[in-house]
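Student:
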Amino acid sequence: MKTRNGLSLWVYAALAAIVSAGGATSQGAEAQEWKTVYLAESAEYTQLPLRFGVEKGFFDQQHLHVQFVAIRDPVVGVATGNLTLAFGPTGTFLRAAAHGAPIKIISSAFRSKGPYYFIARPEIKSFADLKGKIVGTAMAGTNMETIAKYILRTHGIDPKNDVTLYANGSNQQAYASLLGHQVDATIIHQPFAALGQLQGHAVVLVRAWTDLPKTYHTGALIAADSTIRNDPDVLKRTLRAYFASYAYAKAHYAEYVPWLEKHLPIDPRAIELSIQQDDVIWDDNPMLYPDALEKTQEIDMALGDQPQHYDAGKYVDLRFIPQEFVPQDKH
1255 MKTRNGLSLW VYAALAAIVS AGGATSQGAE AQEWKTVYLA ESAEYTQLPL RFGVEKGFFD
1315 QQHLHVQFVA IRDPVVGVAT GNLTLAFGPT GTFLRAAAHG APIKIISSAF RSKGPYYFIA
1375 RPEIKSFADL KGKIVGTAMA GTNMETIAKY ILRTHGIDPK NDVTLYANGS NQQAYASLLG
1435 HQVDATIIHQ PFAALGQLQG HAVVLVRAWT DLPKTYHTGA LIAADSTIRN DPDVLKRTLR
1495 AYFASYAYAK AHYAEYVPWL EKHLPIDPRA IELSIQQDDV IWDDNPMLYP DALEKTQEID
1555 MALGDQPQHY DAGKYVDLRF IPQEFVPQDK H
């Protein structure tokens, strides 16, 4: 059953239990020892609930000090010990682990479907209008490029022959490339899809998750093998604080949206529209299901972004997931 904000009732119950108990949810004496966790510095719209959660005290409740670190590559950051855990594309993480990076996927992110939008200049009325045009794919080799190619194929456009693909960066850079007519369309994150709509500079051709298979997985969290081996308790506490932060933000839009508007220097209307449009995929379920990993690999291989199938079980360790956030019918 869903609430007005689309958050399931079991998540509200889990969040209420954590808040009322001050975060001390059956973690034992080790929970009383303060630890420092290192998280990636990010000003991106989808990552700001984490900083919001730090300010709200969810990490304090788990006896965790948080230090934000400027790291460009999450795999390198985690593998070198500069990050305790990191967020990023599921397929990319799986391939990195399979190729020898000393990491494991330890959880789904706060959402398993990427909030990607395929937007175009206003004169582009349909995907058919993209033939012969330039399409932005964010950064080469990323899952955003994979998804862009998948969407093009879904709508009858051959990404190799019908369009010119251009690695136009992400977020502000991608939006600027559309405004500057470097590209005719692009895959992009919020809040820039909403901003383009409001400013009249772009139209949304499709929300990416409506074209992708339901089980295709785009967001996961990783930790280093050394952290898993030497400090598993800190991972349990960090994940609990992570999901509590996102759950609280979604359950309290009236509080979170004004906070978000202070931290994103763009039109507040675009922020509100972004929240409305993304609400449906913000599920706050930490579980990563085997069929999702199989479907993700299937698509990545079909598009030439993954050379072979991997035994995902070797690179996934879900022992640290806060079970109170897993849907009851999935336990």
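Using this note's numbering, the letters of the sequence shown correspond one by one to residues 1255 to 1585.
C-beta atoms are modelled at their ideal positions from N, C-alpha and C, and glycine is treated no differently.
(1) So A1478 is in the beta strand (DSSP E); what residue range does that whole segment cover?
(2) Cα-Cα, which of E1295, A1294, L1293, T1300 is closest to F1446?
(3) Using DSSP's beta-bridge definition, name the partner residues of T1418.
(4) First and last residue of the alpha helix (DSSP H) that includes Y1292?
(5) Who are the Cβ neighbours of I1520 in its own chain at under 8 Å, not counting the five residues just before and after it?
(6) Ordered along the chain, which non-local residues of its own chain (more than five positions away) have a Cβ less than 7 Å from that of T1472?
(7) Are the beta-carbon atoms belonging to V1332 and A1477 less than 8 Å from one another?
(8) In chain order, which continuous runs of the beta strand (DSSP E) of length 3 or greater are located wholly inside the stretch 1394-1446?
(9) Is any beta-carbon of chain C found at less than 8 Å from that of K1358?
(10) Can you give me the C-alpha to C-alpha distance between D1412 and K1549, rounded to a whole angstrom?
(11) Evaluate Q1577 with the Cβ neighbour count: other Cβ atoms within 10 Å of its Cβ, from every protein chain shown; 16 or more gives buried, anything less gives exposed.
(12) If we call anything under 8 Å between Cβ atoms a contact, is T1338 one with T1481?
(13) Which whole-angstrom value is the C-beta distance of I1529 and E1515, which I expect to be below 8 Å?
(14) CB A1382 to CB T1391, shorter than 8 Å?
(15) Among the residues of its own chain, which have a CB less than 7 Å from the CB of Y1564, if the five just before and after it don't count?
(16) Taking the alpha helix (DSSP H) that F1313 falls in, what are its first and last residues?
(17) Between the alpha carbons of D1532 and L1466, how many angstroms are there, rounded?
(18) For K1387 and Y1420, I'd like the C-alpha separation in whole angstroms.
(19) Roughly how many whole angstroms lie between the Cα atoms of P1540 and F1579?
(20) Would you mind listing the beta strand (DSSP E) stretches within the stretch 1305-1357 that are 3+ residues and don't spill past its ends, in chain order?
(21) Could you tell me which residues DSSP puts in a beta bridge with S1361?
(22) What do you reckon, are the CB atoms on W1536 and F1364 nearer than 8 Å?
Tutor: A quick look at the data gives this:
(1) If you number the sequence shown from 1, residue 1478 lands on position 224. Run containing A1478: 1474-1478, per the beta strand (DSSP E) assignment.
(2) Along the sequence shown, one-based indexing puts residue 1446 at 192. The candidate whose alpha carbon is nearest that of F1446 is T1300.
(3) To locate residue 1418, count along the sequence shown from 1; it is residue 164. Beta-bridge pairing links T1418 to I1388.
(4) Position 38 of the sequence shown holds residue 1292. Careful: Y1292 lies outside any alpha helix (DSSP H), inside the beta strand (DSSP E) at 1289-1294.
(5) For the purposes of this step, residue 1520 is taken as residue 266 along the sequence shown, with counting starting at 1. Cβ neighbours of I1520 beyond the five flanking positions: P1445, L1449.
(6) Numbered from 1 along the sequence shown, position 218 holds the residue referred to as residue 1472. Within the same chain, T1472 has close Cβ partners P1343, T1344, S1366, K1367, G1368, N1397.
(7) Sequence index remark: in the sequence shown, residue 1332 carries index 78 (1-based). Sequence index remark: in the sequence shown, residue 1477 carries index 223 (1-based). Going by C-beta atoms, V1332 is nearer than 8 Å to A1477.
(8) Runs of the beta strand (DSSP E) lying entirely within the stretch 1394-1446, each at least 3 residues long, are 1418-1420, 1439-1443 in chain order.
(9) You won't find chain C in this structure, because it holds only one protein chain.
(10) By 1-based counting over the sequence shown, the position of residue 1412 is 158. By 1-based counting over the sequence shown, the position of residue 1549 is 295. C-alpha separation (whole angstroms): 21 Å.
(11) Translated into the one-based positions of the sequence shown, residue 1577 becomes position 323. Q1577 is exposed by the Cβ-count criterion.
(12) If you number the sequence shown from 1, residue 1338 lands on position 84. If you number the sequence shown from 1, residue 1481 lands on position 227. Yes, Cβ-Cβ distance for T1338 and T1481 is below 8 Å.
(13) For this step, residue 1529 is matched to residue 275 along the sequence shown. For this step, residue 1515 is matched to residue 261 along the sequence shown. Actually they are not in contact, since the Cβ atoms of I1529 and E1515 sit about 10 Å apart, beyond 8 Å.
(14) Position 128 of the sequence shown, counted from the start, is the residue given in the question as residue 1382. Position 137 of the sequence shown, counted from the start, is the residue given in the question as residue 1391. No; because the gap between Cβ atoms is not below 8 Å, this pair is not in contact.
(15) Reading the sequence shown from its first residue, position 310 is the one you call residue 1564. If we look at Y1564 and ignore the five residues flanking it on each side, its Cβ neighbours are L1348, A1352, Q1551.
(16) Position 59 of the sequence shown, counted from the first residue, corresponds to residue 1313. From DSSP, the alpha helix (DSSP H) with F1313 extends over 1312-1315.
(17) Within the sequence shown, numbered from 1, the residue matching residue 1532 stands at position 278. Within the sequence shown, numbered from 1, the residue matching residue 1466 stands at position 212. When rounded, the separation of the alpha-carbon atoms in D1532 and L1466 is 15 Å.
(18) For this step, residue 1387 is matched to residue 133 along the sequence shown. For this step, residue 1420 is matched to residue 166 along the sequence shown. Those two C-alpha atoms are separated by around 10 Å.
(19) Here the question's residue 1540 lines up with position 286 in the sequence shown. Here the question's residue 1579 lines up with position 325 in the sequence shown. Whole-angstrom Cα-Cα distance: 7 Å.
(20) 1318-1323, 1340-1342
(21) Residue 1361 sits at position 107 when you count from the first residue of the sequence shown. Under DSSP, the beta-bridge partners assigned to S1361 are L1475.
(22) Indexing the sequence shown from 1 puts residue 1536 at position 282. Indexing the sequence shown from 1 puts residue 1364 at position 110. Cβ distance < 8 Å, so W1536 and F1364 count as in contact.
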